[in-house]
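Undergrad: For reference, the structure I am asking about is given below.
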Amino acid sequence: MEPGYYVVLAAVLFTIGAVGVLIRRNAIVLFMCIELMLNAGNLALVTFSRINGTLDGQIMAFFVMVVAAAEVVIGLAIIMSIFRTRRSASVDDANLLKY
Amino acid sequence: MHASAYEVLASAASGTLSSFWLLIVIPAASGGILLLLGRRADRWGHLLGCASVGVAFVLGLVYFFQLGGLPATDRRATLDLFTFIQVAALKVDFGLLFDPLSAVFVLLITGVGFLIHVYAVGYMADDPKRRTFFAYFNIFVAAMLLLVLGNNYVMLYIGWEGVGLASYLLISFWYTRPSAATAGKKAFIMNRVGDAGLAIAIFVMFANLHTVSYDGVFANVDRFTSGTTLALGLLLLIGACGKSGQFPLQAWLPDAMEGPTPVSALIHAATMVTAGVYLIARSNPIFDANPTAQAVVAAVGAVTLLIGCIIGCAKDDIKRVLAWSTVSQIGYMFLGVGLGGGAYALAIIHLLAHGFFKAGLFLGAGSVMHAMNDQVDIRRFGGLWKYMKITWITFGVGWLAIIGIPPLSGFFSKEPIIAEAFDRPGWAGWVLGFAALLGAGLTAFYMTRLFVLTFHGPERWTDDIKHPHESPPVMTVPLMLLAIGSAAAGALMATPVQDWLNPTVFGVEGGEVPEHVHLSHTVVTILSIAITVLGGLLGWWLFRNGTSLQEQPAGPVVTAARKNLYGDTVNETVFEKPGTYLTRALVYFDNKGIDGLVNGLAAAVGGGSGRLRRAQTGFVRSYALSMLGGALLVAVAFLVVRLG
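Heads up: the protein sequence lines correspond to chains B and L, in order.
For what it's worth, this note's numbering labels the leading residue of the first sequence as 346, then goes sequentially.
For what it's worth, this note's numbering labels the leading residue of the second sequence as -18, then goes sequentially.
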């Protein structure tokens, strides 16, 4: 199969994630969109690794996964505590940190 | 006249003389103790202050006789205590020199100083800061002794600055009075002008000879070019003019009378203001090497002695008259040191005699002020002789001494200077001689006016004075001792002091009889006595019935004299006003230009960032959008660069 298709798939997935981040308010959904973007990035890394015949991209993808996992743990904890105090999971409600 | 080159004598101090550094340390330590202990020393501070100077005087006498016991050719003792500064080629020892010239100054400073200290115990009795006063007084004495005992110009300079500091502190001692604070600043600033001259002179010596010690400089005077000796002479003269209140730096001295009267007596009459004379007398090899510099010194002296006399005639403030008289008498000393040769010693003799009679006159004035509720206007005195007999008699002795009535001291000290001025060849002799002679007549006039208006004639007191009283013994005893000194010192000192100073310090052989160029000594003597008596009689005749209580309108000459011959006006127009305008312009430029630029920049940055702050909305998704936009922008830019 042509590796180019995977790049296109990664781009499509990334776009879906980015648009999701921009248009959705629910923090959990936002989070899933970010994961989608990260994994689109992983897919692109692995594909390029395949195209180039080196392992650099695959190793990089592992790092991204580790970071994403750690980020999920912290992010979910933050969302939990915000939800507990404000009874809302909307990111637009948490707008106190501004000018 | 004297061709003997300066000889460096091996002269390390030995025996008792090796401890003459104590002269400086004792008053300095006493001053330090009084300042450090603060109020704890209030009860006995004045006693310690007097005692330290008294001890210094006794020590001074001991060292003086030790020095006198040595053979005339090696009457000098040096002490190198430690190396003070050592940087590359510059090496300055903390070195002291006790020679005949230093010795007479030491005796004058500690002797007259001690009497004035004792007097100040009574004069300052009611002042809450009497202890501070004595601390400053002691520091002054220590600095003055360092000035005359140093064996190089840097030591002299330290003492020079030390006495300047003490003078400033004591002039503005009553600093809550604006006039006293201003007078202190004026004295300090005008002195700085002179000090700059002295400092540059020291730099020139170092640049040329790599030494600043008296021995090192004087032994090598012939290595200077004539331009250098002229520059050195003039620079030293500027320093001397600043410290001694000579033209054109004379304006600070009369204002210095804002200080307590003992300060006027000790610092601004007897000792500190004569430091300029000391400087020139000490630097005699430099001045001897350049007749032009000498002539300038003599001219400055002659001009100043006339300025002092003329202004003294027009003043109504007892202390100001005495102050201008000091300016004038120091003018005589400058004339003396400017004439050179044998006249150096004459100037020093006049300096010593002046130390006695002027200190006595100032202390007498203080005693009068004490009786008259601290008033100083001689128009409101009169008839005091009945009420304060001791002050009257002692002041009278000082008055006769300063105008030069034989056999009092002023006659023996002033008249030879006049004669010596006439002995200068050419027209200069006539000009200097007549200036000095005219000065003698004017001195007699204004001093008689002062004396008659204060002690004789009708009583013109203000209403608040009922019973003037004589001062306590602690003040009158110093007055009596100074009066004895004023009366006797001239006749006793004249010849011995010449024999004492001339061979060692000034290189003039004894028994040299100067040739009389214009007038013989007898003629000069008769002339000077005649003009003195004439001036005195005129002063008595005009003021025997008192004077009007208010200032009367007067002609241009008297008005000019009342305004200090416009000396202050000139300083104001030439130096002060342009300086003020310059600083005002600079302040304006600083406020509007520099500050405007800096403040404008800050305001622009502040305002701009205030607007940019609005972009921080707090909505996460708007940040996400801007990040995406940014990332896209980078990606597009990247593509354009790669593909375009």
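In this text, a Cβ means the ideal position worked out from N, Cα and C, and glycines have one as well.
Going by the DSSP bridge assignment, what does Ala177/L pair with across the sheet?
TA: Counted from its first residue, the second sequence places residue 177/L at position 196. Ala177/L pairs with nothing; no bridge assigned.
Undergrad: With Ile66/L as the anchor, note down where its beta strand (DSSP E) starts and where it stops.
TA: As a position in the second sequence, residue 66/L is number 85, starting the count at 1. 58 to 68 is the extent of the beta strand (DSSP E) around Ile66/L.
Undergrad: Give me whichever residues DSSP pairs with Asp626/L in a beta bridge.
TA: It is not possible to answer for residue 626/L, since the shown part of chain L is limited to -18 through 625.
Undergrad: So, using beta-carbon positions, are Trp521/L and Thr429/L closer together than 8 angstroms?
TA: Against the second sequence, residue 521/L aligns to sequence position 540. Against the second sequence, residue 429/L aligns to sequence position 448. Going by C-beta atoms, Trp521/L is nearer than 8 angstroms to Thr429/L.
Undergrad: Would you identify the three-state DSSP class for Ser264/L, choosing helix, strand or coil?
TA: For the purposes of this step, residue 264/L is taken as the residue at position 283 of the second sequence. The answer is coil: DSSP assigns Ser264/L none of H, G, I, E or B.
Undergrad: What residues match up with Gly76/L in a beta bridge as DSSP calls it?
TA: Start at 1 with the first residue of the second sequence, and residue 76/L comes out as number 95. For Gly76/L, which the question treats as bridged, DSSP gives the partners Asp61/L.
Undergrad: Are the beta-carbon atoms belonging to Gly630/L and Phe184/L less than 8 angstroms from one another?
TA: Only positions -18 to 625 of chain L appear in the structure, and residue 630/L is not among them; the question remains open.
Undergrad: Look at the alpha carbon of Ile291/L and the alpha carbon of Val302/L, and state the distance between them as a whole number of angstroms.
TA: One-based indexing of the second sequence puts residue 291/L at position 310. One-based indexing of the second sequence puts residue 302/L at position 321. Their Cα atoms are separated by approximately 10 angstroms.
Undergrad: Out of Gly312/L, His448/L, Thr307/L, state which residue places its alpha-carbon closest to the alpha-carbon of Met353/L.
TA: Along the second sequence, read from residue 1 onward, the residue named residue 353/L stands at position 372. With distances taken between Cα atoms, Met353/L lies closest to His448/L.
Undergrad: Could you spell out the range, first to last residue, of the alpha helix (DSSP H) harbouring Gln531/L?
TA: To locate residue 531/L, count along the second sequence from 1; it is residue 550. Neither: Gln531/L is in no alpha helix (DSSP H) and is coded neither H nor E.
Undergrad: With a threshold of 16 other CB atoms inside 10 Å of the CB of Val353/B, please say whether the residue is buried or exposed.
TA: In the first sequence, counting from the first residue as 1, residue 353/B sits at position 8. By the neighbour-count rule (16 or more Cβ atoms within 10 Å), Val353/B is not buried but exposed.
Undergrad: Residues of chain L with CB under 9 angstroms from Asn440/B, in chain order?
TA: If you number the first sequence from 1, residue 440/B lands on position 95. What Asn440/B touches in chain L: Thr598, Gly599, Phe600, Val601.
Undergrad: Give every residue of the same chain whose Cβ lies closer than 6 angstroms to the Cβ of Ser607/L, excluding the five residues on either side of it in the sequence, and list them in chain order.
TA: The count along the second sequence starts at 1 and reaches residue 607/L at position 626. Excluding residues within five positions, none has a Cβ falling inside 6 angstroms.
Undergrad: If I measure Cβ to Cβ from Phe438/B and keep anything under 7 angstroms in the same chain, skipping five residues before and after, which residues do I get?
TA: The sequence position of residue 438/B within the first sequence is 93, counting from 1. According to the sequence shown, residue 438/B is Asp rather than Phe. Hits under 7 angstroms: Arg431.
Undergrad: Could you tell me whether any Cβ in chain B is nearer than 8 angstroms to the Cβ of Leu609/L?
TA: The count along the second sequence starts at 1 and reaches residue 609/L at position 628. With 8 angstroms as the cut-off, Leu609/L counts as an interface residue toward chain B.
Undergrad: What first and last residue would you give for the alpha helix (DSSP H) that runs through Val489/L?
TA: As a first step, residue 489/L must be located in the second sequence, where it is residue number 508. Element bounds for Val489/L: n/a, residue is neither H nor E.
Undergrad: Does the Cβ of Val617/L have 16 or more other Cβ atoms within 10 Å, making it buried, or fewer, making it exposed?
TA: Counting from 1 along the second sequence, the entry for residue 617/L is found at position 636. Result: exposed.
Undergrad: Could you pull the DSSP bridge partners for Ser194/L from this structure?
TA: Counting from one through the second sequence, the residue named residue 194/L turns up at place 213. Asn133/L, per the DSSP bridge assignment.
Undergrad: Pull up the distance between the alpha-carbon of Ala(-7)/L and that of Asp61/L, whole angstroms please.
TA: Translated into the one-based positions of the second sequence, residue -7/L becomes position 12. Translated into the one-based positions of the second sequence, residue 61/L becomes position 80. Approximately 8 angstroms, taken between the alpha carbons.
Undergrad: To be precise: take each residue of the segment 411 to 423 of chain B, compare its Cβ to all Cβ atoms of chain L, and keep it if any distance is under 8 angstroms. Which residues remain?
TA: Residues passing the 8 angstroms Cβ filter: none.
Undergrad: At the level of alpha carbons, what is the spacing between Pro348/B and Met382/B?
TA: Your numbering for residue 348/B matches position 3 in the first sequence. Your numbering for residue 382/B matches position 37 in the first sequence. Each residue's alpha carbon lies about 19 angstroms from the other.
Undergrad: Answer with yes or no whether the minimum CB distance from Leu367/B to chain L is below 8 angstroms.
TA: Within the first sequence, residue 367/B is the residue found at index 22, counting from 1. Cβ-Cβ to chain L under 8 angstroms: yes for Leu367/B.
Undergrad: Is DSSP giving His(-17)/L helix, strand or coil here?
TA: Against the second sequence, residue -17/L aligns to sequence position 2. Note that His(-17)/L scores 41 on pLDDT, short of 50, meaning its location in the model is unreliable and no value can be drawn from it.
Undergrad: Determine whether the beta carbon atoms of Leu247/L and Ala340/L lie at a separation below 8 angstroms.
TA: Here residue 247/L refers to the residue found at position 266 when the second sequence is read from its first residue. Here residue 340/L refers to the residue found at position 359 when the second sequence is read from its first residue. Yes, the Cβ-Cβ distance between Leu247/L and Ala340/L is below 8 angstroms.
Undergrad: Using a cut-off of 7 angstroms between C-beta atoms, extract the partners of Arg436/B located in chain L.
TA: Reading the first sequence from its first residue, position 91 is the one you call residue 436/B. According to the sequence provided, residue 436/B is Val. The question's Arg does not apply to it. By Cβ distance, chain L contributes Val601, Arg602.
Undergrad: Applying a beta-carbon distance threshold of less than 7 angstroms, which residues of chain L neighbour Ala363/B?
TA: As a working note, residue 363/B is residue 18 in the first sequence. Correct list: Leu609.
Undergrad: Answer yes or no: does any C-beta atom of chain L fall closer than 8 angstroms to that of Tyr444/B?
TA: In the first sequence, residue 444/B corresponds to position 99, counting from 1. By this cut-off, Tyr444/B is an interface position.
Undergrad: Keeping to the same chain, check which residues put their C-beta closer than 6 angstroms to that of Ala295/L; ignore five residues upstream and five downstream.
TA: For the purposes of this step, residue 295/L is taken as the residue at position 314 of the second sequence. So the qualifying residues of the chain are Val539, Ala542, Arg543.
Undergrad: Indicate whether Ala434/B and Phe428/B have their beta-carbon atoms separated by less than 8 angstroms.
TA: By 1-based counting over the first sequence, the position of residue 434/B is 89. By 1-based counting over the first sequence, the position of residue 428/B is 83. Against a cut-off of 8 angstroms, the Cβ pair of Phe428/B and Ala434/B comes out as a contact.
Undergrad: What is the residue span of the alpha helix (DSSP H) that Met425/B lies within?
TA: In the first sequence, residue 425/B corresponds to position 80, counting from 1. Looking at the DSSP string, the run of the alpha helix (DSSP H) that includes Met425/B is 401 to 431.
Undergrad: Does the beta carbon of Leu627/L sit closer than 8 angstroms to a beta carbon anywhere in chain B?
TA: Nothing can be reported for residue 627/L, as the shown portion of chain L is limited to -18 through 625.
Undergrad: Note down, in chain order, every chain B residue with its Cβ under 7 angstroms from the Cβ of Arg623/L.
TA: The residue you call residue 623/L lines up with position 642 of the second sequence. The premise fails here: Arg623/L is roughly 16 angstroms from chain B at the closest Cβ pair, so nothing lies under 7 angstroms.
Undergrad: Do Leu128/L and Leu137/L have their CB atoms nearer than 8 angstroms?
TA: The residue given as residue 128/L occupies position 147 in the second sequence. The residue given as residue 137/L occupies position 156 in the second sequence. In contact: Leu128/L and Leu137/L (Cβ atoms closer than 8 angstroms).
Undergrad: State buried or exposed for Phe619/L, treating a residue as buried only when at least 16 other CB atoms are found within 10 Å of its CB.
TA: Indexing the second sequence from 1 puts residue 619/L at position 638. Counting Cβ neighbours within 10 Å, Phe619/L comes out exposed, since fewer than 16 surround it.
Undergrad: Residues in its own chain within less than 7 angstroms of Leu230/L by CB, not counting five upstream and five downstream?
TA: Your numbering for residue 230/L matches position 249 in the second sequence. Closer than 7 angstroms at the Cβ level, and outside the excluded window around Leu230/L, lie Met171, Val174, Gly175, Cys222, Gly223.
Undergrad: Measure the alpha-carbon distance for Met(-18)/L versus Ile311/L and round it to whole angstroms.
TA: As a first step, residue -18/L must be located in the second sequence, where it is residue number 1. As a first step, residue 311/L must be located in the second sequence, where it is residue number 330. Below a pLDDT of 50, predicted positions are generally treated as unreliable, and Met(-18)/L, at 35, falls in that range; the measurement from the model is reported next regardless. Roughly 25 angstroms between the two C-alpha positions.
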